[in-house]
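Written out below as structure tokens is the structure these notes cover.
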Amino acid sequence: MAKVVLKNLTKRFGEVVAVNKLSLKIKDKEFVVFLGPSGSGKTTALRCIAGLEVPDEGEIFIGDRLVNDLEPKDRDIAMVFQSYALYPHMTVFENLAFPLECAGVPKEEIKKRVQRVAELLKIDDLLNRKPRQLSGGQQQRVALGRAIIREPKVFLMDEPLSNLDAKLRVYMRAELKKLQKELRVTTIYVTHDQVEAMTMADRVAILNEGILQQLGSPDNVYAKPSNIFVAGFIGSPPTNFFDCTLTEEGILDAGEFKYPLPKDLVETIAKTVTSNKIILGIRPQHIEVYRRKKTEDNLIKAHLYTTEPLGETLILDLKVGDTLVKAMVDPEFRVAEELWIEFPTEKIYLFDKKTGKSLL
């Protein structure tokens, strides 16, 4: 197997910089997900690793080999596409066997490897069918099998589950993760779906506008976002943000409410903040909601705008002045037109408004 190293990888399309000086190291046998919105550069980076795009700058290493000048077929990688890319005129057996035939593998060895992969993916009873006779999930398994059968050093997967229905997607996420651990093959997986990323990855590389925003474990990027983009992109519903001014008394003034910061927190952010303009962030599930005001001074008055029942939880859309705030509560919570909310200090995020970087 092999590690993958990118050094200052840059790819431009005209004046658009799709990937901007991307540097990261993917460990041997690791499952890394490139996550980001449309146009973030994740697929372009993957295609550069595969050799389907030629980078304008930077270096790509697979194992200890610099592969910039190698053809895709010589990089010892296998790619699974969003569209499956199966040959419609071939049976499942022929689709699986095709990469081995191209590599000159003897027929008896091909039969053994096809049977082994088919059994692994539970498609051994489909070997005589054509792709049009398969469901979306079955086609996806065949596409995976065609990649696996080559026994490559690296798997590259470009949104392979996006064409499946929601229920099958959940099932295939678990199957893919289990399969990767069994095969122990370095895997780079591209998606815009944060649930896929958070549930499958060993580490997540979050990209935006071609720039790496943060690389870390799912728990790390969720609990300790490096900047306001990551905090807003990871988590559903998204994080609530408030533009604030930090006063000399250590109070965040958001206009509609004031939020006093502990002295030690003020001292911490004073070391890195560039001005007194700060963005306060709090996730909906971390907001405490009360039907009546307590004795504490830091409760914030809110008015119920609407509710979003989700069965296991209830999302409250609240208005604090003119600002819409989302909070998550137990579905049994008795709502009222007027409520009081609290932001626990240990759960807040603080960002420098100018740079967008985390201050904590």
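Each residue of the sequence shown is one higher than the one before, starting from 0 at the first, in numbering that gives the first Met the number 0.
Ideal Cβ positions, reconstructed from N, Cα and C, are used throughout, including at glycine.
Residue i - partner residues in DSSP beta bridges
| i | result |
| --- | --- |
| Q213 | I205 |
| E307 | I314 |
| A77 | F154 |
| F241 | L279 |
| V189 | F33, D157 |
| E58 | K6 |
6 Å Cβ shell around residue i - same chain, five flanking residues per side excluded
| i | result |
| --- | --- |
| K6 | S22, G57, E58 |
| R128 | V91 |
| F228 | N207, Q212 |
DSSP three-state assignment for residue i, whether helix, strand or coil
| i | result |
| --- | --- |
| T322 | strand |
| M89 | coil |
| I48 | helix |
| F30 | strand |
| V53 | coil |
| F232 | helix |
| I354 | The amino acid occupying residue 354 in the given sequence is Thr; Ile does not appear at that position. Reduced to three states, the DSSP call for T354 is coil. |
| P259 | strand |
| H302 | strand |
| V141 | helix |
| V116 | helix |
| R183 | coil |
Whole-angstrom distance between residue j and residue i, CA atom to CA atom
| i | j | result |
| --- | --- | --- |
| R333 | G13 | 56 Å |
| I278 | L349 | 6 Å |
| E336 | D124 | 59 Å |
| E70 | G50 | 6 Å |
| K176 | M199 | 6 Å |
| T305 | P343 | 23 Å |
| R64 | D316 | 53 Å |
| H302 | K325 | 11 Å |
Nearest-angstrom beta carbon gap, residue j and residue i [assumed within contact, 8 Å]
| i | j | result |
| --- | --- | --- |
| G35 | I205 | 6 Å |
| K352 | D192 | Going by Cβ atoms, the distance from K352 to D192 rounds to 29 Å, so no, they are not a contact pair. |
| L120 | L143 | 6 Å |
| V153 | V3 | 6 Å |
Neighbourhood of residue i by C-beta, 7 Å cutoff - its chain only, sequence neighbours within 5 removed
| i | result |
| --- | --- |
| T42 | D157, V189 |
| R290 | R333, A335, L338 |
| D252 | C243, T244, T246 |
| E255 | V319, G320, T322 |
Own chain partners of residue i with C-beta closer than 8 Å, once the 5 adjacent residues on each side are dropped
| i | result |
| --- | --- |
| N19 | T9, G40, E208, G209, I210 |
| V265 | L245, G249 |
| P87 | K129, P130, R131 |
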